[in-house]
Each structure stands twice: as structure tokens, then as C-alpha cells.
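Per UniProt numbering, the sequence shown starts with residue 1, numbered consecutively. Cβ coordinates follow ideal geometry from the N, Cα and C atoms, glycine included. Heads up, the thing below is written out as C-alpha cells.
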Amino acid sequence: MPVNSTPTSGRTAPRTSQTATASMPTAATTTAITATVATNTAPAQDKPMISAKQQPHQYRRDLDHADPAVRRESTADRRAADLTAMKRLGSATHSDRASVRDLDQARKRRRTARKELKQAKREAIRRGLAIEPTDYLGEHHPRLRGWLHAIMFPLCIGATVTLICLAPAGVPKLACSLYAATSMMLFGISACLHLIHWHSRRKHDAMCAIDYSNIFLTIAGTNTPIALALPRQLIWPYLGIIWGLCIVGIVTHAVWKKGPDWFFTIIYCVLGLAVSVLLPLLWHAPAAGPAVCWLLMAGGACYIAGAVCFALRKPILAPGWFEYHEVFHLGTLLGWSCHCVAVYLVMLSPAL
1 MPVNSTPTSG RTAPRTSQTA TASMPTAATT TAITATVATN TAPAQDKPMI SAKQQPHQYR
61 RDLDHADPAV RRESTADRRA ADLTAMKRLG SATHSDRASV RDLDQARKRR RTARKELKQA
121 KREAIRRGLA IEPTDYLGEH HPRLRGWLHA IMFPLCIGAT VTLICLAPAG VPKLACSLYA
181 ATSMMLFGIS ACLHLIHWHS RRKHDAMCAI DYSNIFLTIA GTNTPIALAL PRQLIWPYLG
241 IIWGLCIVGI VTHAVWKKGP DWFFTIIYCV LGLAVSVLLP LLWHAPAAGP AVCWLLMAGG
301 ACYIAGAVCF ALRKPILAPG WFEYHEVFHL GTLLGWSCHC VAVYLVMLSP AL
């Protein structure tokens, strides 16, 4: 008789029967497992995870109820959306995503309004209804603004290049080259600023800052060849002071961008009158003389007159055509011409 054919006690038989029953899968257990698998796989097939950039709030709710594996896969997408929002708003938090959408909508409305404004301006100009000339940014822009400097730019190139060729070799030629560079920048950048239709406010403001800085550079550049007519012991201290003050003026204007025009007009006039301190020395200098002094005074008077008109916003000689800003450009043109002749006289002097 086999040993294991029948149970030896009453306790082992129920235990064996219970183990066999637990190890056999029932119909209910199979149904539960199938439902669990279907639940875990359904979101990936029937309802895929949406992007955080499309619907942030719905994305967050779906992510909270998703499987841990799905959350790990969606972490990169969520971080990318957060970084995009923080980049747009500077130091934004996760709760500012609605502000990001509002900002995008405001930018779209602003672009649309700009396009409509441009179309309205062009239509008004075409029909002859535009009374006040404006630029693409909506600012007042007379029709002759910038044309004086645009015409003067090629003349400046010819005059300064000829001066460089005629100047003596060495320091005088280097001083004339510096004077030529600052003069070309003055007229060239001013013409570009006023004649080009700037569609971006940021680019327009950057060009304005460069244009104002060129005034300081022109003052220092004009004083450089004139100072060579002074005694040797005064040349380099004077140039050091002039260039140092001009650099301070450029930095001040870059830091204080919204400073009043009258403040910088005073600075321009003070720096422009710095050469008047040297007029007694230049009057008796062998390389200068009375003619150079008279030209320097006439040029300084033209510069100051134009700067005063710019600060006072007067006179308006021809509304819409030739106003105070054009008078300022005319003063700049006449003043530079007087100083250019003075530089020619100094550079061509046999005593230099």
C-alpha cells in the first residue's frame, strides 16, 4: 500500500485542499486582473496625455491621476513648459501660467493694432488726408527730418578723407583720422535714425542713444587736431580732460536714458565751450592764429544756437516740413563746417 495514497491525519487533508483551492485562479480573479490591465493601458491609447503648453490645468489634473510611469515620462514636458513660462515672465512661478496666456494675447493684440495703424496711415497718405506726418511708431516726423545730415554725409567723407591725405605723417594724421571717424558717425548714424522707418521701439531707442553719444564723440574728435596747435606741454593734459569728460557724458546718458533734454543740452554746451579757454593761446600760436579762433567761435555759436532751439522746441518755421529739430541739424551742419575749415588751417600750417 503506498504511503501517500491516503492522508494520515484529519488535519493535513483540509490544509492540502485549501492550498490547492487558493492556487487555482477563479473566474472572478481573472476578470479583476483583466480590468486592471485595461485600466492601466486605456489612458495611453484612448486618452493620451495632452501637452502642458496646450491646457496647463487639465494637464496637471491628468498627471496627478496617471500611473507613476506616465508621470515620470511627462516630467520633461512639464519642466519645459515651466521654463518657457519663467523665461517669458522673468521670475515667474508655476501659478503664473494664466498670466503667460494673457501676455501672449496682449502681444497679439498689439501687433494687430500696429498693422491696422500702418494701414490707416498709408491709406491717409494715399488719399492726401494726412495732416501731421508721423513715422511707423506714431511719433511726429517732419518730411525733411534727417535729409540735411544725409546730404552732408558724403560731403563729410570727401572732406575728411582729403584732410587725412594732406595731414603730416605721424600724430597729426592719426588725429585727423579720429576726427574723420567721429564726424562720419555723427552724420551717418543721424541720417539712418531719421530716414529709416523703424518698426521696433527697442531698435529705435538704441539708435537714439548712439546718436546722442556721437555728439560727445564729435566734440572730443574736433578738439583732438585743434589741440596739436598748443604748446607741447598742454596738448596731452587737455586731450585727457576732454576725452574723459566726454566718456563720462556717454556713460551718464546710457545710465540715465530718460533724462531731460535741457540737462544734456547744458552738458553739450559746456563741453563745446571748453576750447574757448584756449583761445588766447591759439590766437598767438604759430600753427593757429586769429583765423582759426574766429572759425572756432563761429562754429561754437552755431552749435549752441541749434542746441538751444532743440531744448526750447522752437522755432517751427514750416510745420510738417522744417521745424525745430531741422534747425538743430542746420546748426550742427554749419558748426561742423566752420570747425572743419579750422582743422584744415591747423593741419596745413607750416609751423605744425
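Check your understanding: What is the DSSP secondary structure of residue 353, counted as helix, strand or coil?
Key -> One cannot answer for residue 353 here, as it falls past the ends of the chain, which runs 1 to 352.
Just to confirm, is the Cβ distance from H292 to L282 under 7 Å? Looking up residue 292 in the sequence shown gives position 292. Looking up residue 282 in the sequence shown gives position 282. The displayed chain sequence assigns Val, not His, to residue 292. Yes, the pair counts as a contact, with Cβ atoms nearer than the cut-off.
Review point. Quick one: what's got a C-beta closer than 6 Å to G335's C-beta in the same chain, skipping five residues either side?
Key: Indexing the sequence shown from 1 puts residue 335 at position 335. Same-chain partners within the cutoff: G299, C302 and Y303.
Practice item. Check whether the Cβ atoms of A227 and Y238 sit closer than 7 Å, and answer yes or no. Key: Residue 227 sits at position 227 when you count from the first residue of the sequence shown. Residue 238 sits at position 238 when you count from the first residue of the sequence shown. Yes, Cβ-Cβ distance for A227 and Y238 is below 7 Å.
Checklist entry - Could you check where the alpha helix (DSSP H) with K203 kicks off and where it finishes? => result Stepping through the sequence shown from its first residue, residue 203 is reached at position 203. From DSSP, the alpha helix (DSSP H) with K203 extends over R201 to A227.
Practice prompt. Go through its chain and collect everything with a Cβ distance to A285's Cβ below 6 Å, but skip five positions before and after it.
Written response: For the purposes of this step, residue 285 is taken as residue 285 along the sequence shown, with counting starting at 1. So the qualifying residues of the chain are A229.
### Message
Please tell me whether H339 and H149 are closer than 7 Å, where the distance is taken between their beta carbons.
### Response
Mapped onto the sequence shown, residue 339 falls at position 339. Mapped onto the sequence shown, residue 149 falls at position 149. Their beta carbons are not under 7 Å apart, which means H339 does not touch H149 by this criterion.
Checklist line | N-terminal and C-terminal residue of the alpha helix (DSSP H) that P280 is part of | finding: The residue you call residue 280 lines up with position 280 of the sequence shown. Taken as a continuous stretch (DSSP letters only), the alpha helix (DSSP H) holding P280 covers L279 to W283.
Do T222 and L186 count as a contact pair if the criterion is CB distance below 7 Å?
The sequence position of residue 186 within the sequence shown is 186, counting from 1. The sequence position of residue 222 within the sequence shown is 222, counting from 1. Result no, Cβ atoms of L186 and T222 do not sit closer than 7 Å.
Next on the checklist: Can you give me the C-alpha to C-alpha distance between S200 and M152, rounded to a whole angstrom?
Outcome noted: Within the sequence shown, the letter at position 200 stands for residue 200. Within the sequence shown, the letter at position 152 stands for residue 152. Approximately 27 Å between the Cα atoms of the pair.
### Message
If you follow the alpha helix (DSSP H) that residue 361 is in, where does it begin and where does it stop?
### Response
What is shown of the chain runs 1 to 352, which leaves residue 361 out entirely.
Buried or exposed by the 16-neighbour rule on C-beta atoms within 10 Å, applied to R145 = Indexing the sequence shown from 1 puts residue 145 at position 145. Classification for R145: buried.
- If you run the structure through DSSP and keep just helix, strand and coil, what is A318? Within the sequence shown, residue 318 is the residue found at index 318, counting from 1. Note: A318 maps to strand in three-state DSSP.
Item checked: Proximity below 7 Å, CB of G272 to CB of A305 -> If you number the sequence shown from 1, residue 272 lands on position 272. If you number the sequence shown from 1, residue 305 lands on position 305. Cβ atoms of G272 and A305: not closer than 7 Å.
Next on the checklist: For the alpha helix (DSSP H) containing L352, name the first residue and the last one.
Outcome noted: One-based indexing of the sequence shown puts residue 352 at position 352. Run containing L352: none; DSSP gives neither H nor E here.
Next on the checklist: Following a CB-centred definition, is P319 positioned closer than 6 Å to any heavy atom of the ligand MN?
Outcome noted: No copy of the ligand MN appears in this structure; indeed no ligand is present at all.
Local conformation of L295 per DSSP, three classes:
As a first step, residue 295 must be located in the sequence shown, where it is residue number 295. Three-state DSSP puts L295 in a helix.
- Task: From the DSSP output, in three-state form, read off E116 for me.
- Result: Here residue 116 refers to the residue found at position 116 when the sequence shown is read from its first residue. Reduced to three states, the DSSP call for E116 is helix.
What residue from L333, R109 and A175 has the CA that sits closest to V343's CA?
Along the sequence shown, one-based indexing puts residue 343 at 343. For the residues L333, R109 and A175, the minimum Cα distance to V343 belongs to A175.
**Prompt:** DSSP three-state call for E326: helix, strand or coil?
**Reply:** Against the sequence shown, residue 326 aligns to sequence position 326. Residue state, collapsed to three classes: helix.
State the Cα-Cα distance for the pair V341 and I196, rounded to the nearest angstrom.
Residue 341 sits at position 341 when you count from the first residue of the sequence shown. Residue 196 sits at position 196 when you count from the first residue of the sequence shown. One C-alpha to the other measures close to 31 Å.
Excluding the 5 residues preceding and the 5 following I210 in the sequence, name in chain order all residues of the same chain whose CB lies nearer than 7 Å to its CB.
Stepping through the sequence shown from its first residue, residue 210 is reached at position 210. So the qualifying residues of the chain are I189.
Can you tell me whether W198 is helix, strand or coil according to DSSP?
Here residue 198 refers to the residue found at position 198 when the sequence shown is read from its first residue. Coil.
Proximal residues to I157 (C-beta, below 7 Å), its chain only, five neighbours per side dropped
Taking the first residue of the sequence shown as position 1, residue 157 is located at position 157. Here the set comprises M184.
Host alpha helix (DSSP H) of P231 (start-end): Counting from one through the sequence shown, the residue named residue 231 turns up at place 231. P231 -> no alpha helix (DSSP H), and no H or E assigned at all.
Legend entry - Three-state secondary structure assigned by DSSP to G170: In the sequence shown, counting from the first residue as 1, residue 170 sits at position 170. Here G170 sits in coil by DSSP.
Mind checking whether V277 and L296 have CB atoms under 7 Å apart?
-> Translated into positions along the sequence shown, residue 277 becomes position 277. Translated into positions along the sequence shown, residue 296 becomes position 296. No, Cβ-Cβ distance for V277 and L296 is not below 7 Å.
For I241 and C165, I'd like the C-alpha separation in whole angstroms. Residue mapping note: residue 241 aligns to position 241 of the sequence shown, counting from 1. Residue mapping note: residue 165 aligns to position 165 of the sequence shown, counting from 1. Each residue's Cα considered, the two are about 28 Å apart.
Report the residue from P260, P225 and T112 whose alpha carbon sits nearest the alpha carbon of T160. Translated into positions along the sequence shown, residue 160 becomes position 160. It is P225.
query = How about A206 and Y268: do their beta carbons lie closer than 7 Å?
reply = Numbered from its first residue, the sequence shown carries residue 206 at position 206. Numbered from its first residue, the sequence shown carries residue 268 at position 268. Going by C-beta atoms, A206 is not nearer than 7 Å to Y268.
Flag this pair as yes or no: are the beta carbons of residue 358 and A287 separated by less than 7 Å?
The structure shown has nothing for residue 358, since the chain only spans 1 to 352.
For K257 and T265, what's the separation of their Cα atoms in angstroms? Start at 1 with the first residue of the sequence shown, and residue 257 comes out as number 257. Start at 1 with the first residue of the sequence shown, and residue 265 comes out as number 265. Approximately 14 Å between the Cα atoms of the pair.
_Y179 to V327 span [Cα, whole Å]_ = Working through the sequence shown from its first residue, we reach residue 179 at position 179. Working through the sequence shown from its first residue, we reach residue 327 at position 327. Whole-angstrom Cα-Cα distance: 24 Å.
Cα-Cα separation between A311 and R101, rounded to whole angstroms: Position 311 of the sequence shown, counted from the first residue, corresponds to residue 311. Position 101 of the sequence shown, counted from the first residue, corresponds to residue 101. The straight-line gap from Cα to Cα measures roughly 43 Å.
| Candidates L352, R109 and K108: which alpha carbon is nearest R232's? | Counting from one through the sequence shown, the residue named residue 232 turns up at place 232. Taking only the C-alpha atoms, the option nearest R232 is L352.
Are F216 and C246 close, meaning C-beta to C-beta below 7 Å? Locating residue 216 in the sequence shown gives position 216, where the first residue counts as 1. Locating residue 246 in the sequence shown gives position 246, where the first residue counts as 1. In contact: F216 and C246 (Cβ atoms closer than 7 Å).
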